[in-house]
Amino acid sequence: MSGAGVTPVADRVVAAQRGDREALASLIEDHLDMLYNVAGRALNGHADVDDVVQETCLRVVESLPDIREPARFSGWILAIVRRQIVEGARRRRTSTERHSSLELATELPDPGADFADATVLRLRLSGQRRQVVEAVRWLDPDDRFLLSLWWLEVADHITRTDLATALGVPPGHAAVRIKRMRDQLDLARSIVGALDAQPRCPELAAQVYIWDGRPSPVWRKRLARHVRDCAACETHKRRLVPPDALLAGIAMLPLPPSLAAISFSALVAAPVAGAAAGAAGLSIAGWLPALGISKFAAAAGAVAVAVGGGVTIAVQDSGTGSGRPAAVAPATTPPAPAPEQTAERGGAVPAPGTPPAAFAASGGYAFAYFTETPNQSGASYGLHLAVSSDGLNWRPLNQNSPVVMPTAGDRGLRDPFILRKQDGTFVVLAADLKGTDFRRTSQYLHVWDSKDLRSFTGYRRIRMHDRDTHTWAPTAFWVASRQEYAIVYSANDGKDVLLANYTKDFRSVSAAEVYFSPEFGVLDADIVADNSAYYMYYKNVDDGLLYGARSTTGAPNSWTTYTAGLRQGTAIAGPMVVKNRGGGGWRLWGDSFGPVNNDFYAWSTSDITAGRWTLLSQREFTPPLNGKQGSIVEISPAELDGLVSAWGLPESVRLKSYNFPDRYVRHAANVGRIDAFPFDPHQDQLWRLVPGLADPAGVSFESINFPGRYLRHRDFAIRLDADDRSPTFRADATFYRTPGLADPAWSSFRSYNAPDRYLRHSKFLLRIDPISAGSRATDRQDATFRIS
Numbered sequence: 081m082s083g084a085g086v087t088p089v090a091d092r093v094v095a096a097q098r099g100d101r102e103a104l105a106s107l108i109e110d111h112l113d114m115l116y117n118v119a120g121r122a123l124n125g126h127a128d129v130d131d132v133v134q135e136t137c138l139r140v141v142e143s144l145p146d147i148r149e150p151a152r153f154s155g156w157i158l159a160i161v162r163r164q165i166v167e168g169a170r171r172r173r174t175s176t177e178r179h180s181s182l183e184l185a186t187e188l189p190d191p192g193a194d195f196a197d198a199t200v201l202r203l204r205l206s207g208q209r210r211q212v213v214e215a216v217r218w219l220d221p222d223d224r225f226l227l228s229l230w231w232l233e234v235a236d237h238i239t240r241t242d243l244a245t246a247l248g249v250p251p252g253h254a255a256v257r258i259k260r261m262r263d264q265l266d267l268a269r270s271i272v273g274a275l276d277a278q279p280r281c282p283e284l285a286a287q288v289y290i291w292d293g294r295p296s297p298v299w300r301k302r303l304a305r306h307v308r309d310c311a312a313c314e315t316h317k318r319r320l321v322p323p324d325a326l327l328a329g330i331a332m333l334p335l336p337p338s339l340a341a342i343s344f345s346a347l348v349a350a351p352v353a354g355a356a357a358g359a360a361g362l363s364i365a366g367w368l369p370a371l372g373i374s375k376f377a378a379a380a381g382a383v384a385v386a387v388g389g390g391v392t393i394a395v396q397d398s399g400t401g402s403g404r405p406a407a408v409a410p411a412t413t414p415p416a417p418a419p420e421q422t423a424e425r426g427g428a429v430p431a432p433g434t435p436p437a438a439f440a441a442s443g444g445y446a447f448a449y450f451t452e453t454p455n456q457s458g459a460s461y462g463l464h465l466a467v468s469s470d471g472l473n474w475r476p477l478n479q480n481s482p483v484v485m486p487t488a489g490d491r492g493l494r495d496p497f498i499l500r501k502q503d504g505t506f507v508v509l510a511a512d513l514k515g516t517d518f519r520r521t522s523q524y525l526h527v528w529d530s531k532d533l534r535s536f537t538g539y540r541r542i543r544m545h546d547r548d549t550h551t552w553a554p555t556a557f558w559v560a561s562r563q564e565y566a567i568v569y570s571a572n573d574g575k576d577v578l579l580a581n582y583t584k585d586f587r588s589v590s591a592a593e594v595y596f597s598p599e600f601g602v603l604d605a606d607i608v609a610d611n612s613a614y615y616m617y618y619k620n621v622d623d624g625l626l627y628g629a630r631s632t633t634g635a636p637n638s639w640t641t642y643t644a645g646l647r648q649g650t651a652i653a654g655p656m657v658v659k660n661r662g663g664g665g666w667r668l669w670g671d672s673f674g675p676v677n678n679d680f681y682a683w684s685t686s687d688i689t690a691g692r693w694t695l696l697s698q699r700e701f702t703p704p705l706n707g708k709q710g711s712i713v714e715i716s717p718a719e720l721d722g723l724v725s726a727w728g729l730p731e732s733v734r735l736k737s738y739n740f741p742d743r744y745v746r747h748a749a750n751v752g753r754i755d756a757f758p759f760d761p762h763q764d765q766l767w768r769l770v771p772g773l774a775d776p777a778g779v780s781f782e783s784i785n786f787p788g789r790y791l792r793h794r795d796f797a798i799r800l801d802a803d804d805r806s807p808t809f810r811a812d813a814t815f816y817r818t819p820g821l822a823d824p825a826w827s828s829f830r831s832y833n834a835p836d837r838y839l840r841h842s843k844f845l846l847r848i849d850p851i852s853a854g855s856r857a858t859d860r861q862d863a864t865f866r867i868s
């Protein structure tokens, strides 16, 4: 970091330790570009990049006396950056389960601040230089940080010793880690190259059909497997130029305005901040605000700390009680990318007829349900299935139509339950009731067998009891001590109770017996076994809340309630308790039917034994459209792929509001708006996402229940109008899908012919307004939606 006419770094470090403000200012100034690029690449544009850089500057001054090897200042300051990334992530952590310490820092990306995009656009990169930058997105957080250091090394900004110092490892160990990171980088580059190919490999095109365009570990694994096995795609890897040859020629990204505004001459000229400042008169309280480091400017209440030869640091407390300084003002808005760039990042609409891809490399879940709507126009009392890779956001199968219907009894069902049996196949149980006449007596359950949930065989009804009551909400589980399955269901025995029968084959059952009958009425049990204990969640009819009980045996009348009651809405039923794939906690679902019918809520816990549940925001999950009480079962990757292949994903999508997550985009009287779900006609919220009418790289929204009508803007207000095939209409009805302005995991939609304006809601009406990454948070949230 020194050259002709520049004092060597080691000499400036010693001078700064002795109180030389000019030496300290030049050290920080010379390293600021490097700090910004390392943090930016490691965090890929995370909202706290500026904070990390500014906090690093503060820690440099605070820790200056600790430097014992001044020549290693560059490695030392990079180690501070890494600590700030980790510490910032730890402060934000809401869960202790993460894959790596740096991965924590990726939880809150800054919308519009993708560092790879910024590097490509601002430095005008192309070819393999562009691809190597874009490949960074596919790396794990630890590898991104290491790459950001190695990038500096190959460009001669730091030495291998500096790099090892930053990592806190010997140089030999650093070399091993670099080799492993380079292997992952080459893999990521081959993925980017295959995705960039024109024409794209047909098999790859089919595989990415439902990909949302965002790199993730799951998609990296799946696409890497394809690239390795595909002769056409593997050629991209053989053509790769060594990455060090590419990186060495890529300049560092210039500082954003928030950091470029820092004035280092102000440090030299800053006045002495009181007698306690010592001979050199250096005080953070005095000079950081003057520098323009805004996150410390509001601090008050200094605590003097002696540093080196008479330098005094005033460590500040913001006085807010939060221990966190005020946020840095957002950077100025970057120029809007060209339409084709935006479409590429957001994911262009696949051509109609493209085959569905394998849904998830690591498996997922199937949700069995029936459907109702407030006025019952969307009621369907057959077995419906939806699938999800994360267990939170669901896609209905078979166009949200039943996959099988009962042909006996009431010829309809409610409360379907899927159990994976001990042999790995499935059995489906359901209440024999069509509609909402809850006075009807039924002693039977519908039953089907299934190997894979793609075909259903052996349909039958089994009689569970001979009482004058109903047989609702069945659940079943394996009882190892009996070598039988228990079937538990709701009935009335003078009051609402749970009854049980035992079976080995789901054809013949034992006599019914009372299973759970506390002093209050109970309905709708779901029972799971975990670690030699059994957990049952049920509804207390007397107070209307959901509770959990547990038992060491699962035997009748062995249960003890251990949780507080839960409810959302004014009425709730149908608890479903699901263990997350991989054992990472549990979720509890409830079917709310008041104040309106069919509105699911969900809770989560990391420890089912504790009995403490946290309500999930509706932003975090999207239940199946019109879904009602049922069950959720974990399924394998092959089963998930098979279900999607057999039944197909819906041809329509819904758009969920980011800041009003119970509301969806719909049309009403030909006006675009967002309304709270559920509502009728429910088809008003269903859209066919088609290639843009004015530009196929964009998208247009065609109404499902009014084919040929599209959302378009007119006088900036959004309407549903018929396509008159005019250039004006087609331009008004075309939008470019981009990463969400409030959350890049969601989507925003930029107008084709008013490119500074985005689709947004205002007082629940849709319109297009000028919005950017620098706009108010509320405006960016209004313009952010989830496609589901």
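Note that our numbering has the sequence shown beginning at 81, numbered continuously upward.
We put the CB at the ideal spot given by N, CA and C, even for glycine.
Less than 7 Å between the CB of residue i and some heavy atom of the ligand FAD, yes or no?
{"i": "residue 801", "result": "This structure simply doesn't include the ligand FAD, nor any ligand for that matter."}
How about residue i and residue j: are their beta carbons less than 8 Å apart?
{"i": "residue 151", "j": "residue 90", "result": "yes"}
{"i": "residue 745", "j": "residue 735", "result": "yes"}
{"i": "residue 534", "j": "residue 723", "result": "yes"}
{"i": "residue 294", "j": "residue 777", "result": "no"}
{"i": "residue 580", "j": "residue 545", "result": "no"}
{"i": "residue 493", "j": "residue 450", "result": "yes"}
{"i": "residue 219", "j": "residue 227", "result": "yes"}
{"i": "residue 737", "j": "residue 841", "result": "yes"}
{"i": "residue 559", "j": "residue 606", "result": "no"}
{"i": "residue 768", "j": "residue 844", "result": "no"}
{"i": "residue 522", "j": "residue 489", "result": "yes"}
{"i": "residue 473", "j": "residue 701", "result": "yes"}
{"i": "residue 817", "j": "residue 806", "result": "no"}
{"i": "residue 512", "j": "residue 525", "result": "yes"}
{"i": "residue 304", "j": "residue 267", "result": "yes"}
For residue i, does the count of other Cβ atoms within 10 angstroms reach 16, so buried, or fall short, so exposed?
{"i": "residue 619", "result": "buried"}
{"i": "residue 92", "result": "buried"}
{"i": "residue 464", "result": "buried"}
{"i": "residue 793", "result": "buried"}
{"i": "residue 645", "result": "exposed"}
{"i": "residue 662", "result": "exposed"}
{"i": "residue 731", "result": "exposed"}
{"i": "residue 836", "result": "exposed"}
{"i": "residue 775", "result": "buried"}
{"i": "residue 253", "result": "exposed"}
Roughly how many angstroms separate the alpha carbons of residue i and residue j, rounded to a whole number?
{"i": "residue 462", "j": "residue 121", "result": "51 Å"}
{"i": "residue 584", "j": "residue 215", "result": "54 Å"}
{"i": "residue 759", "j": "residue 283", "result": "40 Å"}
{"i": "residue 715", "j": "residue 299", "result": "18 Å"}
{"i": "residue 710", "j": "residue 302", "result": "31 Å"}
{"i": "residue 670", "j": "residue 813", "result": "38 Å"}
{"i": "residue 668", "j": "residue 832", "result": "42 Å"}
{"i": "residue 100", "j": "residue 141", "result": "12 Å"}
{"i": "residue 213", "j": "residue 224", "result": "11 Å"}
{"i": "residue 809", "j": "residue 780", "result": "11 Å"}
{"i": "residue 445", "j": "residue 682", "result": "15 Å"}
{"i": "residue 484", "j": "residue 556", "result": "20 Å"}
{"i": "residue 802", "j": "residue 790", "result": "6 Å"}
{"i": "residue 112", "j": "residue 251", "result": "24 Å"}
Hey, residue i and residue j are a contact pair by Cβ (cut 8 Å); roughly how many whole angstroms apart?
{"i": "residue 600", "j": "residue 578", "result": "About 12 Å; that fails the 8 Å criterion."}
{"i": "residue 747", "j": "residue 800", "result": "4 Å"}
{"i": "residue 621", "j": "residue 573", "result": "So it is not a contact: roughly 13 Å between Cβ atoms."}
{"i": "residue 615", "j": "residue 688", "result": "6 Å"}
{"i": "residue 542", "j": "residue 589", "result": "6 Å"}
{"i": "residue 467", "j": "residue 720", "result": "6 Å"}
Item to complete: Only counting runs of 4 or more residues, tell me where the alpha helix (DSSP H) segments fall wholly within the stretch 210 to 278, in order along the chain.
Response: Runs of the alpha helix (DSSP H) inside the stretch 210 to 278: 221 to 234, 240 to 247, 251 to 276.
Worksheet item: In chain order, which alpha helix (DSSP H) runs of at least 4 residues are fully inside the stretch 686 to 756?
Response: The stretch 686 to 756 contains these whole alpha helix (DSSP H) runs: 717 to 727.
Worksheet item: Going along the chain, which unbroken runs of the beta strand (DSSP E) with 3 or more residues stay wholly within the stretch 469 to 522?
Response: The qualifying runs are 494 to 500, 506 to 511.
Item to complete: Identify every run of the beta strand (DSSP E) within the stretch 605 to 675, keeping only runs that are complete inside it and at least 3 residues long; order them along the chain.
Response: 613 to 620, 626 to 631, 651 to 659, 666 to 674, all fully within the stretch 605 to 675.
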